[in-house]
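Visitor: I have a structure here, written as C-alpha cells, and I will follow up with some questions on it.
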Amino acid sequence: MSRKIVYMNNAGQAQLDQSVVAAGIACVQKPAWEMDAEEDAKIVRTLFAQMIHASPTNIAIMPSTAFAITLAAHNLKFQLEGQKGRILVLQDQMCSAVYPWEHLCSRSGGYLELDIVSYPSASTTWTEKVITHLKNGQDKILVACLPPLHWADGALLDLVEISKICRDIGAFLVVDATQAVGVYPCDISLFSPALLACSVHKWLRGPSGASLVYIDPKLQNTWEPLDQHGRSRKVAGMAIWNAAKDGMGPQGYPQEFVTDARRFDSGGKPSPFLLPMLRKSMLKVIEVDIEKIQSLLKDRMMPLLDWADKHELWTPSVHAYHLIGIRANTMYILLSDAGRFGFPRISTPPRKTYKN
C-alpha cells in the first residue's frame, strides 16, 4: 500500500501485509502433495491461545464467528431444555452473534426470548445496563452473548464484572471478541467464557475465511460438533484417525472424538492456503505490545475526539482507541455545511512525506 494512503477500515477487513500475501502465493504454487497445513494449524492455535491467555488444546478452528456462535446455541439448547428465560444481547450487536440466538428462541416453543439491551444514555455505560438486565426481570437470563466492545462505536464492556454476575445467576457467557483480540487486551482467565470466538480477517490481520474459537474445557466432553468428519476422530493408540489409511470397521467408522477442542474444528480445516497466511499475520501481531497500541492510538485519535467535543457530538464515555463511533442527529447538517457527503474530514498530525 502506498504511504500516501491512510486505510481506516481495519475493523471491517484488514489490509494484508505483503509477507502474508507472499505466503498465500507460495502455497498456491506448491504441488498438491506438499500441501499440509497441520503444522500451521498447531502454531495458529498456540499463538491465539497466547493472545487470550488460554491453552492451545482449548482452541478450535472454524470457518466463521457465526459458525462458532451457532455451535454454542446448538449445544446450549440441550442444556437449557425445559427452562424458561432470556438470551441477552446488545442493540445493534454484530448480527453473526445474534442470529443463532434468534433461531434458538424461535424454536423454543416460547420458553426462550431475546433480551436486547438498548444503547446507554450519556450518563450510563453498557456495563451498567447489562448488569441491570442480568439482575432484574421476571425471566432469568440464561445466556449473555457479548463483545468486549461494541463494534458500532468502540464502547467498552467490563466482561470481568459482568462475568461475576453471570456466575452468580448461573448464566453462560459467550463472547464475540472479533474487535478486540490482537489490538485490545483480552484475558479469558479473568472472565471465563463458555465460548469465545474471533474472526481472523480484522485485528489478527489474516485473510477472510476462519474464526479462532476458545471452548471451556469443562464443556468439551458434553458438547457435540456441528459437522461430522474424520479429522476429529481417534482410535486406540493413535493421535488422530485417518480415513484414507485406516479404513472402516464392522460397525462403520470410529465414533470417539479426539480429547480436546480439535473435535470442534470444521470439516474444511485444514486449509492449505489460509492457515499459512494466518500463521504469518499472527506472528506479526503478537510481536506488538497491545497496551502500547492503545496508548499510541489514543494520541493519534485525540484530534478526532477534540473535534467531536468542540461540535458537541456524542462519543462513548468509556471506549477503546482503535474503534470509535460518533453519533449526532445534526451530523448531516455539518456534512452539508462542509460540502461533503461522506465522513467528516479528520486532520492528523503532520508527518514526513515520501517519494514514490
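Position 166 (the sequence shown) corresponds to 166 in full-length UniProt numbering; numbering is contiguous.
Quick reminder that beta carbons are idealized off the backbone N, C-alpha and C, glycines included.
Quick caveat: nothing in here was measured; it's all calculated off a predicted structure.
Do Ser-121 and Gly-206 count as a contact pair if the criterion is CB distance below 7 Å?
Guide: With contacts defined as CB atoms closer than 7 Å, Gly-206 and Ser-121 fail to qualify as a contacting pair.
Visitor: Got a sec? Which residues, its chain only, sit under 7 Å from Val-183 by beta carbon, not counting five neighbours each side?
Guide: Counting only Cβ-Cβ distances below 7 Å, and skipping sequence neighbours, we find Trp-203, Ile-290, Ile-293, His-322.
Visitor: When we look at the beta-carbon of Thr-259 and count the other beta-carbons within 10 Å, is it buried (16 or more) or exposed?
Guide: exposed
Visitor: Tell me the rounded alpha-carbon separation between Ser-266 and Asp-306.
Guide: 46 Å
Visitor: Report the residue from Gln-15, Leu-274, Glu-224 whose alpha carbon sits nearest the alpha carbon of Pro-35.
Guide: The question names Pro, but residue 35 is Met in the sequence shown. Comparing Cα-Cα distances from Met-35 to each of Gln-15, Leu-274, Glu-224, the minimum goes to Leu-274.
Visitor: Count the other C-beta atoms from every protein chain shown that fall within 10 angstroms of the C-beta of Gly-252, then say buried if there are 16 or more, exposed otherwise.
Guide: exposed
Visitor: Mind checking who Leu-156 pairs with in its DSSP beta bridge?
Guide: Bridge partners of Leu-156 according to DSSP: Leu-149.
Visitor: Would you mind working out which of Ile-326, Leu-90, Pro-217, Asp-115 sits nearest His-311, comparing C-alpha positions?
Guide: Ile-326
Visitor: Nearest by alpha-carbon distance to Lys-140: which of Asp-309, Thr-132, Pro-100 is it?
Guide: Ranking the options by Cα distance to Lys-140, first place goes to Thr-132.
Visitor: Quick one: grab the DSSP three-state call for Glu-287.
Guide: coil
Visitor: Going by C-alpha to C-alpha distance, which of Asp-92, Tyr-111, Pro-193, Phe-257 sits closest to Thr-222?
Guide: When each option's Cα is compared against that of Thr-222, the closest is Phe-257.
Visitor: Using the C-alpha atoms, what's the distance from Asp-153 back to His-74?
Guide: Between His-74 and Asp-153, the C-alpha separation is close to 29 Å.
Visitor: Where DSSP assigns a beta bridge to Tyr-214, which residues make up the other side?
Guide: Ile-59, Leu-196
Visitor: DSSP three-state call for Gly-82: helix, strand or coil?
Guide: coil
Visitor: Keeping to the same chain, check which residues put their C-beta closer than 6 Å to that of Ala-23; ignore five residues upstream and five downstream.
Guide: Pro-276, Met-277, Lys-280
Visitor: Provide the residue(s) that pair with Trp-314 in DSSP beta bridges, ordered along the chain.
Guide: Arg-327
Visitor: With Phe-48 as the anchor, note down where its alpha helix (DSSP H) starts and where it stops.
Guide: 38-52 is the extent of the alpha helix (DSSP H) around Phe-48.
Visitor: Does the beta-carbon distance from Cys-198 to Val-174 come in below 7 Å?
Guide: no
Visitor: Where Leu-90 and Val-20 are concerned, what is the direct C-alpha to C-alpha distance, given to the nearest angstrom?
Guide: 34 Å
Visitor: According to the neighbour-count rule (16 or more other Cβ atoms, all chains shown, within 10 Å of its Cβ), is Asp-309 buried or exposed?
Guide: exposed
Visitor: Tell me the DSSP secondary structure of Ala-144 in three-state form.
Guide: strand
Visitor: Who pairs with Leu-297 in a beta bridge, going by DSSP?
Guide: The partner list for Leu-297 (beta bridge, DSSP) is empty, contrary to what the question assumes.
Visitor: Could you give the distance in angstroms between the alpha-carbon of Ala-236 and the alpha-carbon of Gly-230?
Guide: Interpretation of Ala-236 is limited by its pLDDT of 46, a score under 50 that renders its predicted location unreliable; no figure is taken from the coordinates.
Visitor: In this structure, how does DSSP classify Ile-5 when only helix, strand and coil are distinguished?
Guide: coil
Visitor: Throw me the rounded Cβ distance for the Pro-56 and Thr-65 pair, which I believe falls under 8 Å.
Guide: Wrong, their Cβ atoms sit about 19 Å apart, outside the cutoff.
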